[in-house]
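Residue numbers (my numbering): 58 to 599.
Ideal placement from N, C-alpha and C gives every residue a C-beta, glycine not left out.
If you're wondering where the values come from, they're calculated on a predicted model, not measured in any experiment.
This is the structure:
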(Lines of atoms letter the chains of each structure in order from A and count residues from 1; the text may use other names and numbers.)
(Lines give C-alpha, C1' and ligand atoms only; values in the text may rest on other atoms or scores of the structure.)
Protein backbone atom coordinates (compact mmCIF):
# COMPACT_ATOMS: atom_id res chain seq x y z
CA UNK A 1 0.00 0.00 0.00
CA UNK A 2 1.49 3.29 -1.00
CA UNK A 3 1.24 6.05 1.53
CA UNK A 4 -0.47 9.20 0.33
CA UNK A 5 2.11 11.78 -0.69
CA UNK A 6 0.07 14.89 -0.24
CA UNK A 7 -1.59 14.52 3.12
CA UNK A 8 -0.78 17.02 5.83
CA UNK A 9 -2.83 18.20 8.76
CA UNK A 10 -4.30 21.68 9.18
CA UNK A 11 -1.53 24.26 9.30
CA UNK A 12 -0.62 26.02 12.49
CA UNK A 13 -0.75 29.40 10.85
CA UNK A 14 -4.48 28.87 10.19
CA UNK A 15 -5.36 28.51 13.85
CA UNK A 16 -8.52 30.38 14.70
CA UNK A 17 -9.98 31.66 17.90
CA UNK A 18 -12.57 28.87 17.84
CA UNK A 19 -9.80 26.38 18.47
CA UNK A 20 -9.19 28.05 21.79
CA UNK A 21 -12.90 28.07 22.70
CA UNK A 22 -14.01 24.44 22.86
CA UNK A 23 -17.61 23.50 23.44
CA UNK A 24 -18.44 21.96 26.79
CA UNK A 25 -19.28 18.71 25.02
CA UNK A 26 -17.64 15.47 26.03
CA UNK A 27 -13.93 15.32 25.35
CA UNK A 28 -13.69 13.01 22.34
CA UNK A 29 -10.38 12.16 20.66
CA UNK A 30 -11.95 13.13 17.33
CA UNK A 31 -12.87 16.67 18.41
CA UNK A 32 -10.86 19.80 19.06
CA UNK A 33 -10.91 20.77 22.69
CA UNK A 34 -8.77 22.38 25.34
CA UNK A 35 -5.74 20.33 26.34
CA UNK A 36 -6.42 17.79 29.04
CA UNK A 37 -4.55 17.07 32.21
CA UNK A 38 -3.86 13.35 31.97
CA UNK A 39 -3.42 11.18 35.01
CA UNK A 40 -1.96 7.69 34.82
CA UNK A 41 -0.33 5.75 32.02
CA UNK A 42 -1.46 4.77 28.55
CA UNK A 43 -3.38 1.52 28.21
CA UNK A 44 -3.95 -0.84 25.34
CA UNK A 45 -7.63 -0.20 25.12
CA UNK A 46 -10.14 0.41 22.42
CA UNK A 47 -8.75 3.73 21.37
CA UNK A 48 -8.92 5.80 24.56
CA UNK A 49 -6.19 8.16 25.47
CA UNK A 50 -5.14 5.92 28.34
CA UNK A 51 -5.06 6.73 32.01
CA UNK A 52 -7.54 8.85 33.90
CA UNK A 53 -8.58 12.02 32.09
CA UNK A 54 -10.13 15.18 33.44
CA UNK A 55 -10.92 18.41 31.67
CA UNK A 56 -9.96 21.86 32.87
CA UNK A 57 -11.32 24.35 30.35
CA UNK A 58 -11.05 28.12 30.39
CA UNK A 59 -12.54 29.55 27.22
CA UNK A 60 -11.56 32.79 25.57
CA UNK A 61 -15.15 33.96 25.93
CA UNK A 62 -14.75 33.80 29.69
CA UNK A 63 -11.63 35.96 29.50
CA UNK A 64 -12.10 39.16 27.39
CA UNK A 65 -8.45 40.09 27.80
CA UNK A 66 -7.43 36.73 26.37
CA UNK A 67 -9.91 37.22 23.50
CA UNK A 68 -8.35 40.56 22.63
CA UNK A 69 -4.81 39.22 22.82
CA UNK A 70 -5.53 36.19 20.66
CA UNK A 71 -7.20 38.20 17.95
CA UNK A 72 -4.18 40.44 17.40
CA UNK A 73 -1.17 38.14 17.52
CA UNK A 74 0.38 35.54 15.29
CA UNK A 75 -0.33 31.82 15.51
CA UNK A 76 2.98 31.19 17.29
CA UNK A 77 2.30 33.95 19.80
CA UNK A 78 -1.17 32.52 20.39
CA UNK A 79 0.39 29.17 21.21
CA UNK A 80 2.83 30.83 23.59
CA UNK A 81 0.33 33.11 25.29
CA UNK A 82 -2.80 30.99 25.59
CA UNK A 83 -3.39 29.23 28.88
CA UNK A 84 -5.19 26.57 26.86
CA UNK A 85 -2.10 25.67 24.86
CA UNK A 86 0.00 24.61 27.78
CA UNK A 87 1.68 21.94 25.66
CA UNK A 88 4.25 24.53 24.61
CA UNK A 89 5.77 24.10 28.04
CA UNK A 90 5.61 20.29 27.98
CA UNK A 91 8.30 17.87 27.00
CA UNK A 92 7.87 16.03 23.70
CA UNK A 93 6.36 12.57 24.12
CA UNK A 94 7.16 9.24 22.50
CA UNK A 95 3.85 7.77 21.34
CA UNK A 96 2.95 4.50 19.63
CA UNK A 97 -0.32 4.20 17.72
CA UNK A 98 -0.72 0.52 16.92
CA UNK A 99 -3.04 -2.11 15.53
CA UNK A 100 -1.92 -5.70 16.00
CA UNK A 101 -3.09 -9.27 15.66
CA UNK A 102 -4.25 -9.09 19.29
CA UNK A 103 -6.78 -6.33 18.62
CA UNK A 104 -7.35 -6.09 14.87
CA UNK A 105 -8.77 -8.56 12.31
CA UNK A 106 -6.67 -9.57 9.32
CA UNK A 107 -8.84 -7.78 6.74
CA UNK A 108 -8.19 -4.44 8.49
CA UNK A 109 -4.47 -5.16 8.90
CA UNK A 110 -4.27 -5.81 5.16
CA UNK A 111 -5.47 -2.28 4.45
CA UNK A 112 -3.11 -0.78 7.04
CA UNK A 113 0.00 -2.66 5.89
CA UNK A 114 2.77 -0.36 4.64
CA UNK A 115 5.35 -2.01 2.34
CA UNK A 116 8.96 -1.60 3.43
CA UNK A 117 9.74 0.41 0.30
CA UNK A 118 7.17 3.00 1.43
CA UNK A 119 8.52 3.42 4.99
CA UNK A 120 10.80 6.40 4.19
CA UNK A 121 7.97 8.21 2.45
CA UNK A 122 5.61 7.46 5.30
CA UNK A 123 8.13 8.85 7.82
CA UNK A 124 8.49 12.06 5.82
CA UNK A 125 4.71 12.47 5.56
CA UNK A 126 4.22 11.87 9.28
CA UNK A 127 6.88 14.43 10.14
CA UNK A 128 5.09 17.00 8.00
CA UNK A 129 2.15 16.80 10.39
CA UNK A 130 2.01 19.83 12.65
CA UNK A 131 2.76 18.15 15.97
CA UNK A 132 5.09 15.32 14.90
CA UNK A 133 8.87 15.72 15.18
CA UNK A 134 10.13 12.18 14.51
CA UNK A 135 8.57 8.97 13.26
CA UNK A 136 9.14 5.29 12.46
CA UNK A 137 6.98 2.58 10.91
CA UNK A 138 6.92 -1.07 12.01
CA UNK A 139 4.66 -2.96 9.61
CA UNK A 140 4.56 -6.77 9.55
CA UNK A 141 1.91 -9.40 8.86
CA UNK A 142 0.86 -9.22 12.52
CA UNK A 143 1.05 -5.50 13.26
CA UNK A 144 1.20 -1.97 11.94
CA UNK A 145 2.64 0.35 14.57
CA UNK A 146 3.52 4.02 14.12
CA UNK A 147 6.09 5.39 16.58
CA UNK A 148 6.35 9.18 16.82
CA UNK A 149 7.83 11.94 18.93
CA UNK A 150 4.91 14.33 19.40
CA UNK A 151 4.92 17.95 20.56
CA UNK A 152 1.45 17.32 21.97
CA UNK A 153 0.12 13.90 22.88
CA UNK A 154 -3.52 14.55 22.01
CA UNK A 155 -2.88 16.52 18.83
CA UNK A 156 -0.18 14.10 17.69
CA UNK A 157 -2.42 11.05 18.16
CA UNK A 158 -5.27 12.79 16.34
CA UNK A 159 -3.09 13.74 13.37
CA UNK A 160 -1.48 10.30 13.03
CA UNK A 161 -4.84 8.53 13.31
CA UNK A 162 -6.25 10.76 10.57
CA UNK A 163 -3.18 10.04 8.43
CA UNK A 164 -3.65 6.28 8.92
CA UNK A 165 -7.31 6.67 7.99
CA UNK A 166 -6.47 8.58 4.82
CA UNK A 167 -3.80 6.14 3.65
CA UNK A 168 -5.80 2.98 4.45
CA UNK A 169 -9.33 4.11 3.66
CA UNK A 170 -10.53 2.96 7.10
CA UNK A 171 -12.73 5.48 8.97
CA UNK A 172 -11.19 7.09 12.03
CA UNK A 173 -14.01 5.77 14.22
CA UNK A 174 -13.23 2.21 13.17
CA UNK A 175 -9.49 2.66 13.75
CA UNK A 176 -10.19 3.97 17.24
CA UNK A 177 -12.11 0.80 18.07
CA UNK A 178 -9.06 -1.39 17.41
CA UNK A 179 -6.00 0.76 18.01
CA UNK A 180 -3.92 0.92 21.16
CA UNK A 181 -2.07 4.00 22.42
CA UNK A 182 1.01 3.97 24.63
CA UNK A 183 3.15 6.87 25.79
CA UNK A 184 6.81 7.36 26.76
CA UNK A 185 8.00 4.54 29.06
CA UNK A 186 4.97 2.38 28.23
CA UNK A 187 5.68 2.85 24.51
CA UNK A 188 9.36 1.95 25.02
CA UNK A 189 8.48 -1.10 27.10
CA UNK A 190 6.04 -2.26 24.43
CA UNK A 191 8.65 -2.05 21.66
CA UNK A 192 11.16 -3.90 23.86
CA UNK A 193 8.59 -6.66 24.40
CA UNK A 194 7.92 -6.77 20.67
CA UNK A 195 11.64 -7.02 19.87
CA UNK A 196 12.09 -9.77 22.46
CA UNK A 197 9.24 -11.76 20.92
CA UNK A 198 7.06 -11.38 24.01
CA UNK A 199 4.19 -9.76 22.08
CA UNK A 200 4.27 -12.22 19.17
CA UNK A 201 1.71 -14.91 18.46
CA UNK A 202 4.56 -17.36 18.82
CA UNK A 203 6.22 -16.41 22.09
CA UNK A 204 9.93 -15.78 21.61
CA UNK A 205 9.93 -16.05 17.81
CA UNK A 206 13.01 -14.56 16.23
CA UNK A 207 11.70 -13.09 13.00
CA UNK A 208 10.38 -9.93 14.67
CA UNK A 209 13.88 -8.95 15.85
CA UNK A 210 15.07 -8.96 12.24
CA UNK A 211 12.08 -6.77 11.34
CA UNK A 212 12.94 -4.27 14.09
CA UNK A 213 16.52 -4.18 12.77
CA UNK A 214 15.12 -3.45 9.33
CA UNK A 215 13.31 -0.39 10.68
CA UNK A 216 16.67 1.07 11.74
CA UNK A 217 18.33 0.09 8.45
CA UNK A 218 15.58 1.70 6.36
CA UNK A 219 15.39 4.76 8.62
CA UNK A 220 19.07 5.67 8.33
CA UNK A 221 19.37 8.95 6.48
CA UNK A 222 15.61 9.56 6.38
CA UNK A 223 14.63 13.02 7.63
CA UNK A 224 12.38 12.41 10.62
CA UNK A 225 14.05 9.23 11.87
CA UNK A 226 15.63 11.32 14.60
CA UNK A 227 17.70 10.83 17.71
CA UNK A 228 14.92 9.77 20.09
CA UNK A 229 13.19 7.32 17.74
CA UNK A 230 16.50 5.98 16.42
CA UNK A 231 17.75 5.55 19.99
CA UNK A 232 14.53 3.77 20.95
CA UNK A 233 14.76 1.22 18.13
CA UNK A 234 18.49 0.63 18.58
CA UNK A 235 17.90 0.00 22.28
CA UNK A 236 15.06 -2.37 21.34
CA UNK A 237 17.47 -4.39 19.19
CA UNK A 238 19.86 -4.69 22.15
CA UNK A 239 17.00 -5.79 24.40
CA UNK A 240 15.89 -8.41 21.90
CA UNK A 241 19.41 -9.83 21.69
CA UNK A 242 19.90 -9.79 25.46
CA UNK A 243 16.60 -11.55 26.17
CA UNK A 244 17.39 -14.34 23.71
CA UNK A 245 20.95 -14.75 24.98
CA UNK A 246 20.16 -14.79 28.70
CA UNK A 247 16.83 -16.65 28.74
CA UNK A 248 17.20 -18.88 25.64
CA UNK A 249 13.56 -18.12 24.96
CA UNK A 250 14.16 -18.67 21.25
CA UNK A 251 15.41 -22.23 21.71
CA UNK A 252 12.72 -24.49 20.38
CA UNK A 253 10.54 -21.48 19.63
CA UNK A 254 8.72 -21.28 16.31
CA UNK A 255 8.26 -18.42 13.91
CA UNK A 256 5.15 -17.76 11.86
CA UNK A 257 6.59 -19.98 9.14
CA UNK A 258 7.33 -22.89 11.46
CA UNK A 259 3.94 -22.44 13.13
CA UNK A 260 2.37 -22.83 9.68
CA UNK A 261 4.22 -26.12 9.17
CA UNK A 262 3.29 -27.34 12.63
CA UNK A 263 -0.38 -26.46 12.03
CA UNK A 264 -0.38 -28.41 8.75
CA UNK A 265 1.12 -31.46 10.42
CA UNK A 266 -1.44 -31.22 13.21
CA UNK A 267 -4.25 -31.41 10.64
CA UNK A 268 -3.12 -34.46 8.66
CA UNK A 269 -2.63 -38.01 10.01
CA UNK A 270 0.81 -38.61 11.48
CA UNK A 271 1.25 -41.62 9.19
CA UNK A 272 1.19 -39.33 6.16
CA UNK A 273 3.69 -36.73 7.38
CA UNK A 274 6.50 -38.13 5.24
CA UNK A 275 4.37 -38.85 2.17
CA UNK A 276 1.98 -35.87 1.95
CA UNK A 277 2.50 -33.87 -1.25
CA UNK A 278 3.72 -30.40 -0.28
CA UNK A 279 3.49 -27.28 -2.45
CA UNK A 280 5.12 -24.00 -1.42
CA UNK A 281 4.09 -20.89 -3.37
CA UNK A 282 6.70 -18.16 -2.93
CA UNK A 283 10.41 -18.53 -2.22
CA UNK A 284 11.04 -15.29 -0.36
CA UNK A 285 12.07 -15.07 3.29
CA UNK A 286 8.85 -16.63 4.61
CA UNK A 287 8.73 -19.30 1.91
CA UNK A 288 12.33 -20.26 2.54
CA UNK A 289 11.59 -20.66 6.24
CA UNK A 290 8.57 -22.85 5.44
CA UNK A 291 10.80 -25.08 3.30
CA UNK A 292 13.43 -25.34 6.04
CA UNK A 293 10.86 -26.22 8.69
CA UNK A 294 9.29 -28.84 6.41
CA UNK A 295 12.73 -30.41 6.00
CA UNK A 296 13.26 -30.28 9.77
CA UNK A 297 10.00 -32.19 10.21
CA UNK A 298 11.13 -34.96 7.86
CA UNK A 299 9.78 -33.81 4.51
CA UNK A 300 12.30 -34.65 1.76
CA UNK A 301 10.25 -33.89 -1.36
CA UNK A 302 8.28 -30.78 -2.34
CA UNK A 303 7.37 -28.49 -5.22
CA UNK A 304 8.17 -24.77 -5.01
CA UNK A 305 6.41 -22.25 -7.25
CA UNK A 306 8.13 -18.89 -7.68
CA UNK A 307 8.43 -16.08 -10.23
CA UNK A 308 12.11 -16.79 -10.81
CA UNK A 309 14.16 -19.97 -10.56
CA UNK A 310 17.27 -18.41 -9.00
CA UNK A 311 15.96 -18.28 -5.45
CA UNK A 312 14.64 -21.83 -5.59
CA UNK A 313 17.96 -23.05 -6.96
CA UNK A 314 19.82 -21.31 -4.13
CA UNK A 315 17.55 -22.96 -1.54
CA UNK A 316 18.02 -26.37 -3.19
CA UNK A 317 21.79 -25.86 -3.13
CA UNK A 318 21.65 -25.02 0.57
CA UNK A 319 19.42 -27.99 1.42
CA UNK A 320 21.24 -30.77 -0.40
CA UNK A 321 19.62 -34.18 -0.15
CA UNK A 322 16.12 -32.70 -0.40
CA UNK A 323 14.20 -33.05 -3.67
CA UNK A 324 12.98 -29.54 -4.46
CA UNK A 325 11.23 -29.14 -7.81
CA UNK A 326 10.91 -25.64 -9.27
CA UNK A 327 7.81 -24.56 -11.19
CA UNK A 328 7.04 -21.09 -12.60
CA UNK A 329 4.10 -19.09 -11.30
CA UNK A 330 2.17 -19.76 -14.51
CA UNK A 331 1.99 -23.47 -13.54
CA UNK A 332 0.73 -22.81 -9.99
CA UNK A 333 -2.79 -24.16 -10.55
CA UNK A 334 -1.59 -27.34 -12.26
CA UNK A 335 0.81 -27.91 -9.36
CA UNK A 336 -2.05 -27.41 -6.89
CA UNK A 337 -3.93 -30.29 -8.55
CA UNK A 338 -1.26 -32.71 -7.31
CA UNK A 339 -0.75 -31.16 -3.84
CA UNK A 340 -2.25 -32.20 -0.50
CA UNK A 341 -0.94 -29.21 1.47
CA UNK A 342 -0.38 -25.76 -0.10
CA UNK A 343 1.60 -23.02 1.67
CA UNK A 344 1.34 -19.49 0.24
CA UNK A 345 3.74 -16.70 1.16
CA UNK A 346 4.03 -14.17 -1.65
CA UNK A 347 3.89 -10.37 -1.67
CA UNK A 348 1.00 -10.33 -4.16
CA UNK A 349 -1.63 -7.75 -3.27
CA UNK A 350 -4.35 -9.75 -5.07
CA UNK A 351 -5.43 -13.32 -4.16
CA UNK A 352 -3.69 -16.07 -6.15
CA UNK A 353 -6.29 -18.74 -5.34
CA UNK A 354 -9.90 -17.72 -5.96
CA UNK A 355 -12.96 -19.77 -5.04
CA UNK A 356 -13.40 -21.05 -8.61
CA UNK A 357 -9.76 -22.19 -8.69
CA UNK A 358 -10.23 -24.27 -5.54
CA UNK A 359 -13.55 -25.67 -6.78
CA UNK A 360 -11.85 -27.06 -9.89
CA UNK A 361 -9.22 -28.98 -7.92
CA UNK A 362 -9.76 -32.78 -7.58
CA UNK A 363 -10.32 -34.24 -4.09
CA UNK A 364 -7.38 -35.56 -2.10
CA UNK A 365 -7.08 -39.06 -0.65
CA UNK A 366 -8.30 -40.16 2.76
CA UNK A 367 -4.75 -41.07 3.72
CA UNK A 368 -4.13 -37.36 4.26
CA UNK A 369 -7.48 -36.75 5.93
CA UNK A 370 -9.59 -36.09 2.82
CA UNK A 371 -9.04 -32.32 2.97
CA UNK A 372 -6.72 -30.19 0.86
CA UNK A 373 -5.09 -27.69 3.22
CA UNK A 374 -4.28 -24.11 2.30
CA UNK A 375 -1.93 -22.50 4.83
CA UNK A 376 -1.86 -18.81 3.88
CA UNK A 377 0.73 -16.83 5.84
CA UNK A 378 0.65 -13.76 3.60
CA UNK A 379 -0.73 -10.33 4.37
CA UNK A 380 -2.51 -9.37 2.14
CA UNK A 381 -3.89 -12.91 1.86
CA UNK A 382 -2.97 -15.05 -1.16
CA UNK A 383 -6.06 -17.28 -0.79
CA UNK A 384 -9.46 -15.67 -1.16
CA UNK A 385 -11.60 -15.97 2.02
CA UNK A 386 -14.40 -17.35 -0.17
CA UNK A 387 -12.26 -20.43 -0.88
CA UNK A 388 -12.95 -21.58 2.67
CA UNK A 389 -16.52 -22.43 1.57
CA UNK A 390 -15.38 -25.07 -0.93
CA UNK A 391 -16.09 -28.61 0.19
CA UNK A 392 -13.01 -30.79 0.48
CA UNK A 393 -10.70 -27.88 1.26
CA UNK A 394 -9.66 -26.09 4.45
CA UNK A 395 -8.13 -22.61 4.47
CA UNK A 396 -6.03 -21.23 7.33
CA UNK A 397 -4.53 -17.72 7.62
CA UNK A 398 -2.14 -16.08 10.07
CA UNK A 399 -4.88 -15.62 12.66
CA UNK A 400 -5.37 -19.40 12.81
CA UNK A 401 -1.82 -19.84 14.00
CA UNK A 402 -3.14 -19.08 17.50
CA UNK A 403 -3.97 -22.80 17.72
CA UNK A 404 -0.32 -23.68 17.34
CA UNK A 405 0.70 -20.93 19.73
CA UNK A 406 -1.59 -22.31 22.44
CA UNK A 407 0.07 -25.72 22.15
CA UNK A 408 3.56 -24.26 22.62
CA UNK A 409 2.92 -21.39 24.99
CA UNK A 410 3.17 -23.17 28.32
CA UNK A 411 6.81 -24.15 27.80
CA UNK A 412 7.80 -20.57 27.25
CA UNK A 413 5.92 -18.82 30.04
CA UNK A 414 8.68 -19.30 32.61
CA UNK A 415 11.31 -17.89 30.24
CA UNK A 416 8.96 -15.04 29.40
CA UNK A 417 8.82 -14.08 33.09
CA UNK A 418 12.60 -13.90 33.14
CA UNK A 419 12.50 -11.83 29.97
CA UNK A 420 10.03 -9.36 31.53
CA UNK A 421 12.54 -8.67 34.29
CA UNK A 422 15.14 -7.80 31.66
CA UNK A 423 12.66 -5.63 29.77
CA UNK A 424 11.78 -3.70 32.94
CA UNK A 425 15.46 -3.09 33.65
CA UNK A 426 16.15 -1.96 30.09
CA UNK A 427 13.11 0.33 30.12
CA UNK A 428 14.54 2.15 33.13
CA UNK A 429 17.89 2.49 31.36
CA UNK A 430 16.22 3.94 28.27
CA UNK A 431 14.23 6.35 30.43
CA UNK A 432 17.47 7.46 32.10
CA UNK A 433 19.15 7.93 28.71
CA UNK A 434 16.25 10.00 27.42
CA UNK A 435 16.11 12.07 30.61
CA UNK A 436 19.84 12.75 30.34
CA UNK A 437 19.22 14.31 26.91
CA UNK A 438 17.37 17.13 28.67
CA UNK A 439 20.69 18.57 29.80
CA UNK A 440 22.08 18.91 26.25
CA UNK A 441 20.18 22.16 25.45
CA UNK A 442 21.23 23.60 28.81
CA UNK A 443 24.89 22.78 28.09
CA UNK A 444 24.64 24.53 24.72
CA UNK A 445 22.81 27.52 26.20
CA UNK A 446 25.30 27.91 29.06
CA UNK A 447 28.28 27.73 26.74
CA UNK A 448 26.69 30.24 24.34
CA UNK A 449 25.90 32.55 27.29
CA UNK A 450 29.50 32.40 28.48
CA UNK A 451 30.81 32.90 24.93
CA UNK A 452 28.75 36.06 24.46
CA UNK A 453 30.19 37.53 27.67
CA UNK A 454 33.73 36.48 26.69
CA UNK A 455 33.52 38.13 23.26
CA UNK A 456 31.99 41.32 24.64
CA UNK A 457 34.66 41.68 27.35
CA UNK A 458 37.42 40.76 24.89
CA UNK A 459 36.32 43.53 22.53
CA UNK A 460 36.29 46.03 25.41
CA UNK A 461 39.80 44.98 26.42
CA UNK A 462 41.20 45.21 22.90
CA UNK A 463 39.60 48.61 22.29
CA UNK A 464 41.27 49.98 25.43
CA UNK A 465 44.65 48.65 24.28
CA UNK A 466 44.40 50.62 21.05
CA UNK A 467 44.88 49.78 17.36
CA UNK A 468 48.61 49.17 17.49
CA UNK A 469 48.37 45.95 19.53
CA UNK A 470 50.40 43.17 17.83
CA UNK A 471 48.46 40.19 16.47
CA UNK A 472 50.44 37.93 18.77
CA UNK A 473 49.22 39.88 21.81
CA UNK A 474 45.62 39.82 20.57
CA UNK A 475 45.86 36.07 20.08
CA UNK A 476 47.32 35.64 23.56
CA UNK A 477 44.51 37.69 25.14
CA UNK A 478 41.92 35.71 23.14
CA UNK A 479 43.46 32.41 24.26
CA UNK A 480 43.55 33.64 27.85
CA UNK A 481 39.85 34.55 27.79
CA UNK A 482 38.94 31.15 26.29
CA UNK A 483 41.00 29.35 28.91
CA UNK A 484 39.37 31.25 31.78
CA UNK A 485 35.85 30.54 30.43
CA UNK A 486 36.61 26.86 29.87
CA UNK A 487 37.99 26.43 33.37
CA UNK A 488 35.02 28.25 34.93
CA UNK A 489 32.56 26.11 32.92
CA UNK A 490 34.33 22.84 33.60
CA UNK A 491 32.65 22.27 36.97
CA UNK A 492 29.08 23.11 35.88
CA UNK A 493 29.51 21.06 32.68
CA UNK A 494 30.69 18.02 34.63
CA UNK A 495 27.58 18.26 36.79
CA UNK A 496 25.37 18.43 33.70
CA UNK A 497 26.75 15.26 32.14
CA UNK A 498 25.32 11.91 33.09
CA UNK A 499 25.52 8.48 31.46
CA UNK A 500 22.08 7.57 32.83
CA UNK A 501 23.20 4.35 34.55
CA UNK A 502 22.80 5.72 38.08
CA UNK A 503 19.33 6.93 39.10
CA UNK A 504 20.72 9.06 41.93
CA UNK A 505 23.30 10.69 39.67
CA UNK A 506 20.65 11.35 37.04
CA UNK A 507 18.38 12.98 39.62
CA UNK A 508 21.20 15.24 40.76
CA UNK A 509 22.05 16.09 37.15
CA UNK A 510 18.51 17.22 36.41
CA UNK A 511 18.45 19.28 39.62
CA UNK A 512 21.68 20.96 38.53
CA UNK A 513 20.17 21.64 35.10
CA UNK A 514 17.09 23.33 36.56
CA UNK A 515 19.28 25.32 38.97
CA UNK A 516 21.48 26.63 36.14
CA UNK A 517 18.40 27.47 34.07
CA UNK A 518 17.11 29.60 36.96
CA UNK A 519 20.46 31.20 37.82
CA UNK A 520 21.32 32.24 34.25
CA UNK A 521 17.71 32.63 32.99
CA UNK A 522 18.34 30.14 30.20
CA UNK A 523 14.67 29.07 29.91
CA UNK A 524 15.82 26.06 27.90
CA UNK A 525 12.66 23.93 27.87
CA UNK A 526 10.24 26.66 26.83
CA UNK A 527 12.61 28.08 24.23
CA UNK A 528 13.24 24.64 22.78
CA UNK A 529 9.54 23.96 22.36
CA UNK A 530 8.89 27.38 20.89
CA UNK A 531 11.65 26.76 18.35
CA UNK A 532 10.09 23.45 17.39
CA UNK A 533 6.67 25.01 16.88
CA UNK A 534 8.17 27.87 14.88
CA UNK A 535 10.01 25.36 12.69
CA UNK A 536 6.74 23.52 12.05
CA UNK A 537 5.04 26.75 10.98
CA UNK A 538 7.91 27.65 8.65
CA UNK A 539 7.88 24.13 7.21
CA UNK A 540 4.14 24.28 6.53
CA UNK A 541 4.55 27.61 4.70
CA UNK A 542 7.03 26.22 2.17
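Cβ-Cβ distance between residue i and residue j below 8 Å
i	j	result
residue 542	residue 509	no
residue 226	residue 253	no
residue 191	residue 281	yes
residue 617	residue 171	Residue 617 cannot be examined here, being either before or after the span of the chain that is shown, 58 to 599.
residue 338	residue 401	yes
residue 552	residue 569	yes
residue 439	residue 408	yes
residue 390	residue 354	no
residue 154	residue 214	yes
residue 435	residue 410	no
residue 30	residue 412	Only positions 58 to 599 of the chain appear in the structure, and residue 30 is not among them; the question remains open.
Assigned exposure category for residue i - 16 Cβ within 10 Å defines buried
i	result
residue 302	exposed
residue 579	buried
residue 277	exposed
residue 493	buried
residue 343	buried
residue 483	buried
residue 202	buried
residue 525	exposed
residue 149	buried
residue 187	buried
residue 325	buried
Three-state secondary structure assigned by DSSP to residue i
i	result
residue 354	coil
residue 579	coil
residue 481	helix
residue 273	helix
residue 155	strand
residue 199	coil
residue 150	strand
residue 433	strand
residue 170	coil
residue 237	strand
residue 385	strand
residue 193	strand
residue 380	strand
residue 499	helix
residue 286	helix
residue 365	coil
residue 421	coil
residue 304	helix
residue 7	Summary: the structure shown does not reach residue 7, with the chain confined to residues 58 through 599, and so no result is reported for it.
residue 399	strand
residue 320	helix
residue 338	strand
residue 489	helix
Member of the options whose CA lies at the smallest distance from the CA of residue i
i	options	result
residue 193	187, 167, 231, 152	152
residue 269	278, 288, 280, 281	288
residue 352	161, 319, 494	319
residue 385	372, 340, 456	340
residue 200	206, 235, 471	235
residue 304	355, 478, 195, 327	478
residue 259	470, 487, 326, 576	470
residue 261	472, 577, 483	472
residue 415	426, 392, 294	392
residue 295	273, 165, 219	273
residue 491	535, 567, 506, 445	567
residue 461	154, 307, 315	315
residue 329	404, 313, 468, 427	427
residue 178	275, 488, 545	275
residue 197	533, 207, 176, 326	176
residue 263	290, 207, 539, 306	306
residue 173	519, 195, 523, 498	195
Residue i Cβ short of 7 Å to the ligand HEM heavy atom set
i	result
residue 208	Looking for the ligand HEM in the displayed structure turns up nothing, as the structure carries no ligands at all.
Task: Inter-stretch contact (C-beta, 8 Å, three-pair minimum) for the segment 327-347 and the segment 393-400 - done: yes
Open item on the list: So, does the segment 245-252 touch the segment 448-462, judging by three or more C-beta pairs under 8 Å?
Closed with: no
- [ ] State whether the segment 182-191 contacts the segment 234-241, with contact taken as three or more CB pairs (one from each stretch) at a distance under 8 Å.
- [x] no
Open item on the list: Closer than 8 Å is the cut-off here; do at least three beta carbon pairs connect the segment 341-349 with the segment 359-375?
Closed with: yes
TODO: Report yes or no: do the segment 420-433 and the segment 366-376 share at least 3 C-beta pairs separated by less than 8 Å?
DONE: no
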